[in-house]
Amino acid sequence: MQHTKYLLPSLLISLACASTPKGPAHSGHGVPPGNGPAAHDAGSQHAGHAGPAGPAGPPAHGDHGDHGDQAGRDHRDRHGPPSLERYIKMLASEKRVAELRVAETLAALKLAPDALVADVGCGPGVFTLPLAQACPRGVIFGVDVEPGQLDVLRAAIKDKDLANVVPVLASYHDPHLPPGRMDLILISDTWHHIENRPDYLRRLGEYLSPGGRLAFVEYKPGDIPVGPPGKHKLAAGQREAELTAAGWEPLESFDLHTWHDFETWRPVSSKTSR
-12 MQHTKYLLPS
-2 LLISLACAST
8 PKGPAHSGHG
18 VPPGNGPAAH
28 DAGSQHAGHA
38 GPAGPAGPPA
48 HGDHGDHGDQ
58 AGRDHRDRHG
68 PPSLERYIKM
78 LASEKRVAEL
88 RVAETLAALK
98 LAPDALVADV
108 GCGPGVFTLP
118 LAQACPRGVI
128 FGVDVEPGQL
138 DVLRAAIKDK
148 DLANVVPVLA
158 SYHDPHLPPG
168 RMDLILISDT
178 WHHIENRPDY
188 LRRLGEYLSP
198 GGRLAFVEYK
208 PGDIPVGPPG
218 KHKLAAGQRE
228 AELTAAGWEP
238 LESFDLHTWH
248 DFETWRPVSS
258 KTSR
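Count the sequence shown with the numbering used here and you get residues -12 to 261, in order.
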């Protein structure tokens, strides 16, 4: 694989093309129009943090304590609590980071130093920033629907002087990644927010490289001491059933976390394309 300094500009160009909305944007769903990616950024132009709420979706999840009126929210993620600052503080809390066991999780994934990785639902960068250090010759795409989360991520990128992280403003139905390039797509504590998961799985498959993997680090089902109430999560076995029905097969399951499931998957078709 090419060195990051040569690879990053070409990926930004391809990402800008892939992220350009076709036709009018749907309120609250499409990527806001812009003039193309800036350095170390892609698809991130927006008209402020108070975007339209969009069509009604499932009950808001937020920090998994706020499930009431969402009026007056100050950010775009309609699954988050009204306070963006509170949401970010929860995502980056010591308790959550400790439970995610980030270093051990990345070690288990055995990523190549030049891997291309997407962290979908990246938030302030709990996984994104360590991924950038674990793959110094690769490119890490920090993907989120929330402009404010990406603002925090950009500040951290600058503070840590990381040249291989690309923040990506996604839409609710598409993470907007370069097609056929991702060695790994990581989804952590986000899958229960996805509204049309069969279609989203199809898109994820299109973004993986031959032999690429999809990794989940997701809350265990039911009522547990961390995360959302059980009624706001997928039922036991639901994620696995949806993946299987969409043409994916399990690769590995890891027993690293107390309150999270950690597993990797691949499209069944990838076996014949390797």
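Where is the CB? At the ideal position from N, CA and C, for every residue including glycine.
query: What number of angstroms, rounded off, separates the C-alpha of residue 225 from the C-alpha of residue 150?
result: For residue 225 and residue 150, the distance between alpha carbons rounds to 38 Å.
query: Can you tell which of 218, 153, 217 and 230 has the C-alpha that lies nearest to the C-alpha of residue 190?
result: It is 230.
- prompt: If you pair each beta-carbon of the stretch 194 to 213 with each one of the stretch 236 to 255, do three or more pairs fall below 8 Å?
  reply: Cβ pair count under 8 Å is three or more, so yes.
- prompt: Using CA coordinates, which residue listed in 86, 233 and 108 is at the minimum distance from residue 156?
  reply: For the options 86, 233 and 108, the alpha carbon positioned closest to that of residue 156 is the one of 108.
- prompt: Where are the beta strand (DSSP E) runs, 3 residues long or more, that stay fully inside the stretch 138 to 171, in chain order?
  reply: Listed in chain order, the beta strand (DSSP E) runs fully inside the stretch 138 to 171 are 152 to 156, counting runs of at least 3 residues.
message: Based on DSSP bridge pairs, tell me the residues matched to residue 127.
response: Residue pairing from DSSP places residue 127 in a beta bridge opposite 104 and 152.
message: I need the straight-line Cα distance from residue 105 to residue 222, nearest angstrom please.
response: Straight-line measurement puts the Cα of residue 222 at about 26 Å from the Cα of residue 105.
query: Do residue 110 and residue 136 have their CB atoms nearer than 7 Å?
result: Yes, these two residues count as a Cβ contact at 7 Å.
message: Counting C-beta neighbours from all protein chains within 10 Å, is the total for residue 245 16 or more, i.e. buried, or is it exposed?
response: Of the residues assessed, residue 245 falls on the exposed side of the cut-off, its CB having fewer than 16 other CB atoms within 10 angstroms.
- request: Report the residue from 173, 158 and 254 whose alpha carbon sits nearest the alpha carbon of residue 197.
  value: The candidate whose alpha carbon is nearest that of residue 197 is 254.
C-alpha gap between residue 299 and residue 241, whole angstroms: Look at the range of the chain in this structure, -12 to 261, and you will see that residue 299 is not part of it.
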